[in-house]
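One gets my numbering by counting positions in the sequence shown from 1 and adding 4 to each.
Backbone N, C-alpha and C fix where the C-beta goes; we use that ideal spot for every residue, glycine too.
Quick caveat, the model's predicted, so the values are computed rather than measured.
Reviewing the structure listed below.
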Amino acid sequence: MPEKKKKHSNISLFIPHNGCPHRCAFCNQRTISGAVSQPTADDVRRAVNTALSSPNFDGAEAEIAFFGGSFTAIDREYMIQLLKAAHEYIVSGQVAGIRVSTRPDAIDDDILKILKQYGVTSIELGAQSMRDEVLLLNKRGHTAQDVIDASRLIKACGFSLGLQMMTGLYGDDNVGARYTARQIAALRPDTVRIYPTVVLKGTELAGKMRSGEYLPQGYEDAAKLCAQLLRFFEQKRINVIKLGLHASDGVEGEMVGGAYHPAFRELCEGILYFNLIKRELAENYPDGGEYIVYVPPTDVSKAAGQKKSNIVRLAEEGWNVRIKGDDHIDGNQGRKCKVEPLPQSDSPSQSRRNRH
């Protein structure tokens, strides 16, 4: 069997709305992160020590990650206190690096020197859109050019670059989202996060939705779009490390609309698997029939679709399929499937004939 890739992990600390000079139309950081207070240096140490004590935790593949707010825009002394606490574990070799999330307009040469000094390895920028009109409507406070300039600085200094985008924003559409994806891909980030817009209580978007000025995209339409975006980034060999907001009681309890599903990425993966399997069947077995579809063992539920929806849809088009895992199909190389006719002895119709 092929060797499995080691799984990257984060030791995450959230800094809710600290450092942000703007209140974006969609933003409620406390709901998104679940955090209500600012972490201290001791909180950093506690979080890392807890992770290191887990028997399944591999620090050599982990980063201490500061998410939420805009890390490089917070009080400089406070930022350095957090970095110093995290840096202890980099120096000792217990953790691989530090990841920070920030705004594109909160990056400059001085900031990057500090981040480099304290062992930061990855910087993620909240681009959200590469259309200036959408950024303005959603009160982001930066431009697409800020994203371009900051991305180039980050890469030139040797950091791993991550870019975050949103779909379904106020004033945006699917065409705009695909444009943003192309512009982001052109910057050659190492990682991408895709967040469909979720409308939360207490945000400007919630008010616009109530007034009828904004109609958010539902999760089914968002999944179709994000499946396309996921495939696009895969073709560009850019790793999509997050797709959809993290499932949490905070989001589920505070959302009033938009594209939220607790297994959103699996919905998108299911769409891509449906397209792949249907293409294989249509090309090789256009007349329908009964088949076994083999996929990597870890992908059986994705290939079957949520509540076996892919199996149902394929049956409606004339292909009765069973989804089975095959250890010989390398799941590390992306979505793959192998289709074979169902043996007569396993065929339900044959079994019924044998009983008679």
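Nearest to Glu238 by C-alpha distance, out of Ala189, Glu256, Gly211, is Ala189. Comparing C-alpha distances from Asn14 to each of Pro20, Ser41, Val52 shows the shortest one belongs to Val52. The segment 254-266 and the segment 300-308 do not touch, with fewer than three beta-carbon pairs separated by less than 8 Å. Between Lys205 and Ile115, the alpha-carbon positions lie close to 34 Å from each other. Measuring C-alpha to C-alpha distances from Val179 to each of Val138, Gly216, Phe75, Tyr223 identifies Val138 as the nearest. Pro290 is classed as exposed because its beta carbon has fewer than 16 other beta carbons within 10 Å across all chains shown.
With respect to the C-alpha of Glu320, the residue from Glu294, Thr302, Glu344, Arg339 having the closest C-alpha is Glu294. The shortest CA-to-CA distance from Leu346 to any of Trp323, Gly335, Asn336 is the one to Trp323. DSSP, reduced to helix, strand and coil, places Val99 outside both helices and strands of the structure shown, so it counts as coil. Contact check for Gln98 and Leu56: beta-carbon distance about 6 Å, within the 8 Å limit, so the pair qualifies.
For Thr207, the secondary structure class from DSSP, reduced to helix, strand or coil, is coil. Taking each of Thr125, Gly338, Ala181, Ile68 in turn and checking the Cα distance to Met169, the smallest one comes out for Ala181. If the five residues before and after Glu270 are omitted, its C-beta is found closer than 8 Å to the C-beta atoms of Ser305, Lys306, Gln310, all from its own chain and listed in chain order. In the DSSP annotation of this structure, the continuous segment of the beta strand (DSSP E) that includes Arg197 starts and ends at 195-200.
Sixteen is the threshold: since fewer than 16 other Cβ atoms of the shown chains lie within 10 Å of the Cβ of Glu224, the residue is exposed. Contact between Leu276 and Leu229 fails: their C-beta atoms lie close to 12 Å from each other, not under 8 Å. Restricting attention to Val202, Gly222, Tyr174, Asp113, the CA atom closest to the CA of Lys212 is found in Tyr174.
Arg317 and Ala286 have their alpha carbons spaced roughly 14 Å apart. Shown here, Tyr223 sits in a helix according to DSSP, grouped into three states.
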